[in-house]
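Colleague: The numbering of the sequence shown is full-length UniProt numbering, which starts it at 1 and goes up by one.
Pasting in a structure now, in structure tokens, and then I'll have a few things to ask.
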Amino acid sequence: MFKQGFLWVIRFIVGGLFIFSGLIKVNDPVGTAIKLEEYFDVFSNDIAGFFIYLKPFALELGVFLVVVEVVLGLMLILGVKSRFTVWALALMILFFTFLTFYSAYFNKVTDCGCFGDAIKLTPWESFYKDLILLVLISILFLFQMELPKTSPKWARGVTFVALFLSFLLAIVAIRNLPFIDFRAYKVGVNIPKNMQPSAQLQYSYVMKKNGELVTFDQYPSDESLEFVEMNLKNPDALPKISDFAVWNEDGDYSEEVFTGNKVLILVSSMAKISESNLDRIDQLVNSLTGSPVQPIFVAAASQIEIQDFTKSRGWDVLSLQADATVVKTIIRANPGILVLKDGEVLAKYHHNNTPEAGEVLDLYIK
């Protein structure tokens, strides 16, 4: 009886974590795909070149993985196909443990994306988390004969519904934007304020004297001490945004973007830009030109590519460059639309939901 209860607790913990992790990423499959692309880049350089050929399929693989996480977690809790489920979870956690160890040991991918943007873990924290899960799943693997051998019909029905809904939610999130935005650029955030520390940064200074390490809260004036390292004491006070910048050949335009009413048309890749709703964006840009709201085109591309694109669309707007990673972080659409008022995010739109000019102007009246 005790063994069954113990195994049930492990099933609930492991299954619950997989469901939670999967649902967080179902909310943002594009973010998961971006993280997979990072891993494929690293592995293609360090392990085997064929990983680079997986990059074009990162989104499809991301959707598959996040849906599988949810479904397997639920199957484990409900006791549906227990032996298959434990085998599948064991293979998944072995793969994830390898990823997180590789990232931590070689300092390659500094955020595994295990819980999307909702919970940030350091590489070593991610590895230890996977190591604990590996131990728990190993226990289930050893005692798999004690797990439910059959499951009620309703449990199989719930599993099928979860599979369908998870896949549907992932597709909806891809074709629109994440249902819940956990990033530093979410609606209501003031970007320039997020670029400042929330409190004065405090440091400790490690010095060496006579072969011994001594820590000071202030940099010591004793010249006989040898400097070793400087450590931040309040990392939670670091700016939430540290990499935002937009520019062109005339210089940095970040302050200009944060002044007044702006609508940014954002493109993370000119080669992969979706053309399905560019006509609606044309109407938006043309309608806003000359209004109290200034449209600006921002793309992760060369100045020549940007000029050729805006000329082909007939846009007479300020055009700026940006880093592709920053653009992808701001919005999960290519192109996407960001509405700002003095640097505060009023709204974000996927190109599938391109607003009309009147809808944008109404945002500034509220």
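Positions of the beta carbon are idealized from the N, C-alpha and C atoms, including for glycine.
Using 7 Å as the threshold, is the C-beta distance between Ser151 and Val67 below it?
Modeller: Indexing the sequence shown from 1 puts residue 151 at position 151. Indexing the sequence shown from 1 puts residue 67 at position 67. Not closer than 7 Å, so no.
Colleague: For Leu318, count the other beta carbons within 10 Å of its own beta carbon; 16 or more makes it buried, fewer makes it exposed. Which is it?
Modeller: Position 318 of the sequence shown holds residue 318. Buried: at least 16 other Cβ atoms inside 10 Å.
Colleague: Starting from the N-terminal side, write out each stretch of the alpha helix (DSSP H) that is 4 residues or longer and does not extend beyond the region 134 to 196.
Modeller: 153 to 175, 191 to 194
Colleague: Do Asp282 and Arg332 have their beta-carbon atoms positioned less than 7 Å apart in this structure?
Modeller: Taking the first residue of the sequence shown as 1, we reach residue 332 at position 332. Taking the first residue of the sequence shown as 1, we reach residue 282 at position 282. Contact flag unset, no.
Colleague: Decide if Met230 is buried, meaning its Cβ has at least 16 other Cβ atoms within 10 Å, or exposed.
Modeller: Taking the first residue of the sequence shown as 1, we reach residue 230 at position 230. The residue in question, Met230, is exposed, as its Cβ has fewer than 16 Cβ neighbours within 10 Å.
Colleague: Which residues mark the beginning and the end of the beta strand (DSSP E) in which Leu284 is found?
Modeller: Numbered from its first residue, the sequence shown carries residue 284 at position 284. From DSSP, Leu284 is part of no beta strand (DSSP E) but of the alpha helix (DSSP H) over 278 to 288.
Colleague: From Ile174, Glu37, Gly211, Gly260, pick the residue whose C-alpha is nearest to that of Pro56; which is it?
Modeller: Mapped onto the sequence shown, residue 56 falls at position 56. The option with the nearest alpha carbon to Pro56 is Glu37.
Colleague: Which term fits Pro235, buried or exposed, when burial requires 16 or more other beta carbons within 10 angstroms of its beta carbon?
Modeller: Residue 235 sits at position 235 when you count from the first residue of the sequence shown. By the neighbour-count rule (16 or more Cβ atoms within 10 Å), Pro235 is not buried but exposed.
Colleague: Let me know the alpha helix (DSSP H) ranges lying completely inside the region 264 to 342, each 4 residues or longer, listed in chain order.
Modeller: 278 to 288, 303 to 313, 324 to 330
Colleague: Have a look at Leu61, Leu140, Val257 and flag the residue whose alpha-carbon is nearest the alpha-carbon of Gly5.
Modeller: Locating residue 5 in the sequence shown gives position 5, counting from the first residue. Of Leu61, Leu140, Val257, the residue nearest in Cα terms is Leu140.
Colleague: Quick one: what's got a C-beta closer than 8 Å to Glu146's C-beta in the same chain, skipping five residues either side?
Modeller: As a first step, residue 146 is located in the sequence shown; it is residue number 146 there, counting from the start. Contacts found: Lys3, Gln4, Leu7.
Colleague: Contact check, Val63 vs Ala170 under 8 Å by CB: the rounded distance?
Modeller: By 1-based counting over the sequence shown, the position of residue 63 is 63. By 1-based counting over the sequence shown, the position of residue 170 is 170. Contact annotation, Val63 with Ala170: C-beta distance approximately 5 Å; criterion of less than 8 Å satisfied.
Colleague: Should the region 83 to 103 be regarded as contacting the region 21 to 36, the criterion being three or more beta carbon pairs within less than 8 Å?
Modeller: no
Colleague: Is the distance from the Cβ of Tyr364 to the Cβ of Asn286 below 7 Å?
Modeller: Against the sequence shown, residue 364 aligns to sequence position 364. Against the sequence shown, residue 286 aligns to sequence position 286. No. Outside cutoff.
Colleague: Within the chosen definition, does the region 78 to 87 reach the region 154 to 161 through at least 3 CB pairs nearer than 8 Å?
Modeller: yes
Colleague: Confirm, please, whether the CB-CB distance from Arg280 to Thr354 is below 7 Å.
Modeller: Position 354 of the sequence shown, counted from the first residue, corresponds to residue 354. Position 280 of the sequence shown, counted from the first residue, corresponds to residue 280. Yes, these two residues count as a Cβ contact at 7 Å.
Colleague: Could you tell me the distance, in whole angstroms, from the CA atom of Leu70 to the CA atom of Ile13?
Modeller: Here residue 70 corresponds to residue number 70 of the sequence shown, with the count starting at 1. Here residue 13 corresponds to residue number 13 of the sequence shown, with the count starting at 1. The amino acid occupying residue 70 in the given sequence is Val; Leu does not appear at that position. If you take the alpha carbons of Val70 and Ile13, they lie about 13 Å apart.
Colleague: What is the rounded straight-line gap between the Cα of Leu320 and the Cα of Ile304?
Modeller: Position 320 of the sequence shown, counted from the first residue, corresponds to residue 320. Position 304 of the sequence shown, counted from the first residue, corresponds to residue 304. Rounded to whole angstroms, Leu320 to Ile304 spans 11 Å at the Cα level.
Colleague: Using 8 Å as the threshold, is the region 116 to 127 in touch with the region 46 to 56, meaning 3 or more CB pairs across them?
Modeller: The answer is no - the region 46 to 56 does not touch the region 116 to 127, with fewer than three Cβ pairs under 8 Å.
Colleague: Can you tell me which of the three DSSP states Asn231 falls into?
Modeller: Sequence index remark: in the sequence shown, residue 231 carries index 231 (1-based). Residue state, collapsed to three classes: strand.
Colleague: Could you tell me which residues DSSP puts in a beta bridge with Met207?
Modeller: What you label residue 207 is simply residue 207 of the sequence shown in a count that begins at 1. Beta-bridge pairing links Met207 to Val214, Phe227.
Colleague: Just how far apart, CA to CA, sit Ala184 and Ala237?
Modeller: Taking the first residue of the sequence shown as position 1, residue 184 is located at position 184. Taking the first residue of the sequence shown as position 1, residue 237 is located at position 237. C-alpha separation (whole angstroms): 14 Å.
Colleague: Which whole-angstrom value is the C-beta distance of Lys240 and Asn190, which I expect to be below 8 Å?
Modeller: Looking up residue 240 in the sequence shown gives position 240. Looking up residue 190 in the sequence shown gives position 190. Contact doesn't hold; Cβ gap of about 11 Å is too wide.
Colleague: Check whether the Cβ atoms of Leu134 and Thr85 lie closer than 7 Å to each other.
Modeller: Within the sequence shown, numbered from 1, the residue matching residue 134 stands at position 134. Within the sequence shown, numbered from 1, the residue matching residue 85 stands at position 85. No, they are not a contact pair.
Colleague: Please say whether Phe258 and Pro178 have beta carbons closer to each other than 7 Å?
Modeller: Within the sequence shown, residue 178 is the residue found at index 178, counting from 1. Within the sequence shown, residue 258 is the residue found at index 258, counting from 1. Result no, Cβ atoms of Pro178 and Phe258 do not sit closer than 7 Å.
Colleague: Tell me the rounded alpha-carbon separation between Ala271 and Ile34.
Modeller: For the purposes of this step, residue 271 is taken as the residue at position 271 of the sequence shown. For the purposes of this step, residue 34 is taken as the residue at position 34 of the sequence shown. Taking the straight line from one Cα to the other gives about 16 Å.
Colleague: Cα separation between Thr159 and Ile273?
Modeller: To locate residue 159, count along the sequence shown from 1; it is residue 159. To locate residue 273, count along the sequence shown from 1; it is residue 273. Cα to Cα, Thr159 sits roughly 36 Å from Ile273.
Colleague: If you draw a straight line from the C-alpha of Phe43 to the C-alpha of Ile52, how long is it?
Modeller: As a working mapping, residue 43 is identified with position 43 in the sequence shown. As a working mapping, residue 52 is identified with position 52 in the sequence shown. Going by the C-alpha atoms only, they are around 8 Å apart.
Colleague: Look at the Cβ atom of Val246, then the Cβ atom of Ser254, and state whether they are nearer than 7 Å.
Modeller: Stepping through the sequence shown from its first residue, residue 246 is reached at position 246. Stepping through the sequence shown from its first residue, residue 254 is reached at position 254. Yes, the Cβ-Cβ distance between Val246 and Ser254 is below 7 Å.
Colleague: I think Ser291 touches Leu340, with their Cβ atoms under 8 Å apart; what is that distance to the nearest whole Å?
Modeller: In the sequence shown, residue 291 corresponds to position 291, counting from 1. In the sequence shown, residue 340 corresponds to position 340, counting from 1. Contact doesn't hold; Cβ gap of about 15 Å is too wide.
Colleague: Using alpha carbons as the reference points, say which of Ser21, Arg83, Ser103, Leu89 lies closest to Lys149.
Modeller: Translated into positions along the sequence shown, residue 149 becomes position 149. Checking every option, the nearest Cα to that of Lys149 belongs to Arg83.
Colleague: Between Tyr102, Ser126, Ala357, which has its C-alpha nearest Thr289's C-alpha?
Modeller: Position 289 of the sequence shown holds residue 289. For the residues Tyr102, Ser126, Ala357, the minimum Cα distance to Thr289 belongs to Ala357.
Colleague: To the nearest whole angstrom, what separates the beta carbons of Ile19 and Leu74, a pair I think is in contact under 8 Å?
Modeller: Counting from one through the sequence shown, the residue named residue 19 turns up at place 19. Counting from one through the sequence shown, the residue named residue 74 turns up at place 74. Contact holds; Cβ gap of about 6 Å.
Colleague: Give a yes or no on whether the C-beta atoms belonging to Leu65 and Leu89 are separated by under 7 Å.
Modeller: Along the sequence shown, read from residue 1 onward, the residue named residue 65 stands at position 65. Along the sequence shown, read from residue 1 onward, the residue named residue 89 stands at position 89. No, the Cβ-Cβ distance between Leu65 and Leu89 is not below 7 Å.
Colleague: Can you pull the DSSP bridge partners for Gly251?
Modeller: Numbered from 1 along the sequence shown, position 251 holds the residue referred to as residue 251. DSSP output for Gly251 lists Asn248 as bridge partner(s).
Colleague: Bridge partners of Val345, per DSSP?
Modeller: By one-based count along the sequence shown, residue 345 stands at place 345. Val345 pairs with Leu340.
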